[in-house]
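The opening residue of the sequence shown carries number 1 in UniProt numbering; numbering runs sequentially from there.
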Amino acid sequence: MKRTEAKKKMQLESEPLTVLRIGYLSKQLKKACPKLDKLFSIFQ
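Structure follows, in structure tokens:
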């Protein structure tokens with residue numbers, strides 16, 4: 001039980017970081033290729 005709880009806690013703590021990372025990467029992609037901007041607007 002304790003092991004799974006720790007795993008869940010780690011996932012919850014790391015999730016915002018991955019969200020920020022994805023947001024940063026998408027910004028970099030938008031700068032590199034404006035055509036992808038339309039694709040990203042569909043997802044958001």
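Glycine included, C-beta positions come from ideal geometry on N, C-alpha and C.
None of the values given here were measured: they were computed from a predicted structure.
At least 7 angstroms separates the beta-carbon of Leu36 from that of Leu25.
Straight-line spacing of the CA atoms in Gly23 and Leu17 works out to 10 angstroms. Rounded to the nearest angstrom, the gap between the Cα atoms of Ala32 and Ser14 is 27 angstroms.
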